[in-house]
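> Quick one: the structure is below, and I'll ask about it shortly.
This is the structure:
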């Protein structure tokens, strides 16, 4: 399992949720929120693709956040 | 393990050769967040981009090569290109901020022009009642009201 911590001032919560939904077929996800972060714990179905999966998930969340005009 | 990148300040940029990634610390007072977003967005097709905020007014940008392998020269080039893009985005953001009123005015005029002229029905239905109307110079008065003959005063019959 790998933990990604998305800063709440930099990433939109809806964007992170949407990104997780987009990659739901490739990994198991656990979501949690703290005061400062959206926490996503990822367990990839194929460990060989873990790096790519985490990278693409981060890119997807960032892209959606930018398209929404920021974290807000 | 991160190592400093040649020709770049050690505290601002560091390379992680094992994970083919580079980390850049960006001061938000110099580069506003929209500019950081803009530069990051440009790079998401070339590498994996992750933003973090380790300190109050600083954003750490992590760029990882999608291939999973990159030498020091490639990582240095990546940082340089990102820094250039960041500067470009910051400057464009500043120009947009400076010309915001002009852009909004031009857009509003364009939209108003696209709506076309009001019809006679629209003009007939226009409601003036909620607008205060002050006419101290009598501009809205008709010519007859303003300059026409005054009605004669009723004369008293018993006058000599």
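Chains as they are written, first to last, in this note's numbering: chain A, 879 to 950; chain B, 25 to 184.
Glycine residues also receive a C-beta, built at the ideal position from the N, C-alpha and C atoms.
For a test of the three-state rule: what should DSSP assign to residue 153 (chain B), helix, strand or coil?
Of the three classes helix, strand and coil, the one that applies to residue 153 (chain B) here is coil, per DSSP.
> If distances are taken between C-alpha atoms only, which option among A:941, A:883, A:935, A:931 comes closest to residue 911 (chain A)?
A:883
> Looking at the strands, I want to know which residues DSSP matches up with residue 40 (chain B).
Looking at the DSSP assignment, residue 40 (chain B) forms a beta bridge with B:45.
> Nearest chain B C-beta to residue 933 (chain A) closer than 8 Å, yes or no?
yes
> With a cut-off of 8 Å, do at least 3 Cβ pairs link the stretch 104-115 of chain B to the stretch 50-67 of chain B?
yes
> If you drop the 5 nearest sequence neighbours on each side, which residues of the same chain put their C-beta closer than 6 Å to that of residue 887 (chain A)?
949
> Can you name the residues of chain B whose CB is closer than 7 Å to the CB of residue 894 (chain A)?
Going along chain B, no residue has its Cβ under 7 Å from residue 894 (chain A), so there is no contact; the nearest lies around 12 Å.
> Taking beta-carbon pairs under 7 Å, can you tell me which members of the stretch 136-164 of chain B lie near chain A?
none
> Taking 8 Å as the CB-CB cut-off, is residue 50 (chain B) touching chain A?
Chain A has no Cβ within less than 8 Å of the Cβ of residue 50 (chain B).
> Out of B:73, B:91, B:90, B:57, which has the shortest C-alpha to C-alpha gap to residue 80 (chain B)?
B:57
> Please list, in chain order, the chain A residues whose beta carbon lies closer than 8 Å to that of residue 76 (chain B).
Contacts between residue 76 (chain B) and chain A, judged by CB atoms closer than 8 Å, involve 883, 885, 888 in chain order.
> Taking Cβ-Cβ distances shorter than 8 Å, what residues in chain A pair up with residue 73 (chain B)?
936, 937, 940
> Could you have a look at residue 86 (chain B) and say whether DSSP puts it in helix, strand or coil?
strand
> First and last residue of the beta strand (DSSP E) that includes residue 927 (chain A)?
Run containing residue 927 (chain A): none; DSSP gives neither H nor E here.
> For residue 123 (chain B) and residue 143 (chain B), I'd like the C-alpha separation in whole angstroms.
34 Å
> Provide the residue span of the beta strand (DSSP E) that contains residue 76 (chain B), from first to last.
According to the DSSP assignment, residue 76 (chain B) belongs to the beta strand (DSSP E) that extends over 71-79.
> Shorter than 8 Å from the beta carbon of residue 923 (chain A) to some beta carbon of chain B?
No, no contact with chain B.
> Are the C-beta atoms of residue 929 (chain A) and some chain B residue less than 8 Å apart?
yes
> If we define contact as Cβ-Cβ less than 8 Å, is residue 90 (chain B) a contact residue for chain A?
yes
> Does residue 901 (chain A) come out as helix, strand or coil in the three-state DSSP assignment?
coil
> Give me the DSSP bridge partner(s) of residue 836 (chain A).
In the structure displayed, chain A extends from 879 to 950; residue 836 (chain A) sits before or after that span and is not available.
> Give me whichever residues DSSP pairs with residue 906 (chain A) in a beta bridge.
A:921
> Could you check whether the Cβ of residue 948 (chain A) sits closer than 8 Å to any Cβ belonging to chain B?
Chain B, which has a Cβ nearer than 8 Å to the Cβ of residue 948 (chain A), makes this yes.
> Given that residue 83 (chain B) touches chain A, what residues does it touch there, using C-beta distances under 8 Å?
Going along chain A in sequence order, the residues near residue 83 (chain B) (Cβ under 8 Å) are 888.
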